[in-house]
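Enquirer:
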Amino acid sequence: MTSYCRRLTAGAGSSDLSIRLRQPSRAAKISRLPRNYANQRQGIVLRSRRCLVEAVGAVGASGAWERSDGADGEEKVLVPRSYAVGDLAEKRGTDERTVEEEEENGNRERKKSRDRTIKVVVAAAVTVVMGVGNRVLYKLALVPLKQYPFFLAQLATFGYVVVYFSVLYLRYKAGIVTDEMLSMPKAPFVAVGLLEALGAATGMAAGAILSGASIPVLSQSFLVWQILLSTIFLGRRYKVNQLLGCFLVAVGVIITVASGSSAGHSLQEAGIFWSLLMMVSFLFQAADTVLKEVIFLDAARRLKGGSVDLFVVNSYGSAFQAFFICLLLPFLSKLWGVPFSQLPNYLKDGAACFLNIGTLSSGCDGAPLLPLLFIAVNMGYNISLLYLLKISSAVVSCLASTFSVPISVFVFTLPLPYLGVASSLPTGFVAGAIILVMGLLIYAWTPSVSAR
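Going letter by letter, the sequence shown gives residues 3 to 454 in the working numbering.
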């Protein structure tokens, strides 16, 4: 069979369409047909190895064609596929919806990140204010209770348990705290209580020997412990600017608080052991905050994206802390110069001074208002610090707490009631404050990269 080229012209509805069928010049192969094939379909079918259909001119709006078989003996024609336009329109609409969804998701993520940043900044500011109030009011609370500082410490420790569990009960009744939150494993809370008790015990022991000027210098080890523990247990990786910022914050606090004082001489007189013990105390406190962050992260997984209530962590942590403080009472009372055998009488006298009643109330002016103000603000400070830890990180909460130190130093230069003559600013206060602020700005330059 010879080669041929035949030109077919579609009907008027094809919008000026020409179809050219070109067949190779090699001979076509006629297939052997079965005997009953004539009963199935009339005509001879030609099978060629290659058949090329070309569209000459415009293909129409659809851009796709399909073969339509006519009746027996009729010529085969190509007609447009009626569903091709719909397919293209549907695909185009799907692409447009995908782009819109991606843009919407991007806007939502940017808004979420912006809201989170604002929330962290506000929480940090509240923490700084509460931290300043906590330091100032502690100094004021010791004015009426200057003979009973150990009583004030135990009043705060055991008072928190009552207050926190009362608030927790009310929040549970209101449906804010769920059974799933309360059923979380208690082992981490036991560890929190133990770390807090050990931090208090070692801090009291070292504080009884070290001078007041040297303690703020050693307290900057707290930030170093925070970074190390966050790297080890949380897998965080900090950039160079963040490490530099933390270093400048620590240096700024040391210059602000210890400049013009005999901090270095006091450290030499106290000896290396007590300095190391104070740094170990801050290690316990840093481990406590990192462990709380681990609790929040674990709760998010257990509660399937939910978050454990702050008062669940505070209540159980304070309860176990009070338990371990009870076990350490003989040791702690001796550190405060109170023999354990005389502890009941000491607590009774401290309660009388706190309530400002009885014959022992002389010299207790300002009680119970000042001690109660300190306990209330200290409780608010702990809650704000824990909330900042929950929405950011342990290092950010530490920086906010550290920033309150030089502000407290400045507040003590103001004429406060019950404190008598105001203290003077250290010689390097302004320079230290500038370095501290620079450190905070450098740290906040970029967010920390976490490997969760």
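Each residue gets a CB set at the ideal place from its N, CA and C atoms; glycine is no exception.
Is it true that the CB of Val179 sits closer than 8 Å to the CB of Asp300?
Expert: no
Enquirer: Might you give, ordered along the chain, the residues of its own chain that have their beta carbon closer than 6 Å to the beta carbon of Ser403, omitting 5 neighbours on each side?
Expert: Gly133
Enquirer: Examine the Cβ distances between the stretch 132-150 and the stretch 372-385 and report whether three or more of them are shorter than 8 Å.
Expert: yes
Enquirer: Look at the alpha carbon of Ala203 and the alpha carbon of Ser221, and state the distance between them as a whole number of angstroms.
Expert: 15 Å
Enquirer: Figure out for me which residue from Tyr445, Ala324, Arg116, Val314 has the closest Cα to the Cα of Leu172.
Expert: Val314
Enquirer: List in chain order: all unbroken alpha helix (DSSP H) runs of 4+ residues lying wholly within the stretch 420-447.
Expert: Segments of the alpha helix (DSSP H) lying fully in the stretch 420-447: 431-445.
Enquirer: In chain order, what residues of the same chain have a beta carbon less than 7 Å from the beta carbon of Val128, not counting five sequence neighbours either side?
Expert: Ser386
Enquirer: Buried or exposed: where does Cys328 fall if 16 or more other Cβ atoms within 10 Å of its Cβ makes it buried?
Expert: Its Cβ having fewer than 16 others within 10 Å, Cys328 is exposed.
Enquirer: In angstroms with no decimal places, state the Cα-to-Cα distance between Gly62 and Thr96.
Expert: Because the pLDDT at Gly62 is just 43, under 50, the model does not fix this residue reliably, and the value given afterwards should be weighed accordingly. Approximately 23 Å between the Cα atoms of the pair.
Enquirer: By how many angstroms is the C-alpha of Ala143 removed from the C-alpha of Leu374?
Expert: 8 Å
Enquirer: Around the C-beta of Val58, are 16 or more other C-beta atoms found within 10 angstroms, so that it is buried, or is it exposed?
Expert: Because the pLDDT of Val58 is 39, which lies under 50, any placement of that residue in the model is unreliable, and the number read from its coordinates should be weighed accordingly. Exposed, since its Cβ has fewer than 16 Cβ neighbours within 10 Å.
Enquirer: To the nearest angstrom, how far is the alpha carbon of Ala252 from that of Leu438?
Expert: 7 Å
Enquirer: Apart from the five residues just before and just after Val165, which ones in its own chain have a Cβ nearer than 7 Å to its Cβ?
Expert: Met381
Enquirer: When the Cα atoms are used, what is the spatial distance from Pro346 to Leu391?
Expert: Approximately 37 Å between the Cα atoms of the pair.
Enquirer: What residue does the alpha helix (DSSP H) around Asn243 start on, and which one ends it?
Expert: 242-260
Enquirer: Would you kindly work out how many angstroms separate the C-alpha atoms of Ser395 and Tyr389, rounded to a whole number?
Expert: 10 Å
Enquirer: Can you give the Cα-Cα distance for Gly434 and Lys188, rounded to whole angstroms?
Expert: 42 Å
Enquirer: Considering only the alpha carbon of each residue, which of Gly177, Thr258, Leu230 lies closest to Leu427?
Expert: Among Gly177, Thr258, Leu230, the Cα nearest to that of Leu427 is on Thr258.
Enquirer: Tell me the rounded alpha-carbon separation between Pro190 and Arg238.
Expert: 20 Å
Enquirer: Give a yes or no on whether 8 Å exceeds the smallest Cβ distance from Thr291 to chain D.
Expert: Reference to chain D is not applicable here, since this structure consists of a single protein chain.
Enquirer: Might you give, ordered along the chain, the residues of its own chain that have their beta carbon closer than 7 Å to the beta carbon of Leu401, omitting 5 neighbours on each side?
Expert: Val251, Leu442, Tyr445
Enquirer: Straight-line CA distance for Val282 to Ser335?
Expert: Taking the straight line joining both Cα atoms gives about 20 Å.
Enquirer: Flag this pair as yes or no: are the beta carbons of Gly368 and Pro218 separated by less than 8 Å?
Expert: no
Enquirer: Asn316: buried (16+ other C-beta within 10 angstroms of its C-beta) or exposed?
Expert: buried
Enquirer: Alpha carbon to alpha carbon, how far is Tyr240 from Val397? Give it in angstroms, no decimals.
Expert: 11 Å
Enquirer: Below 8 Å CB to CB, which residues in the same chain sit around Ser309 once its five sequence neighbours on both sides are set aside?
Expert: Shown here for Ser309: same chain residues with a beta carbon closer than 8 Å to its own, the five before and five after excluded, namely Phe298, Ala301, Ala302, Lys392 in chain order.
Enquirer: Taking buried to mean at least 16 other C-beta atoms within 10 Å of its own C-beta, is Tyr318 buried or exposed?
Expert: Buried.
Enquirer: With distances taken from CA atoms, which of Gln323, Ser399, Ser185, Val379 is nearest Ala288?
Expert: Ser399
Enquirer: Have a look at Gly247, Ala193, Ala155 and flag the residue whose alpha-carbon is nearest the alpha-carbon of Gly1.
Expert: Here the chain has residues from 3 to 454 only, and residue 1 is not among them.
Enquirer: Provide the residue span of the alpha helix (DSSP H) that contains Pro151, from first to last.
Expert: From DSSP, the alpha helix (DSSP H) with Pro151 extends over 151-175.
Enquirer: Which residue wins for smallest C-alpha separation from Lys306, given the options Ala126, Glu105, Met183, Ala158?
Expert: Met183
Enquirer: What number of angstroms, rounded off, separates the C-alpha of Ala193 from the C-alpha of Leu230?
Expert: 19 Å
Enquirer: Please look up how many angstroms separate the CB atoms of Val138 and Val411, rounded, as I've assumed it's under 8 Å.
Expert: Going by Cβ atoms, the distance from Val138 to Val411 rounds to 10 Å, so no, they are not a contact pair.
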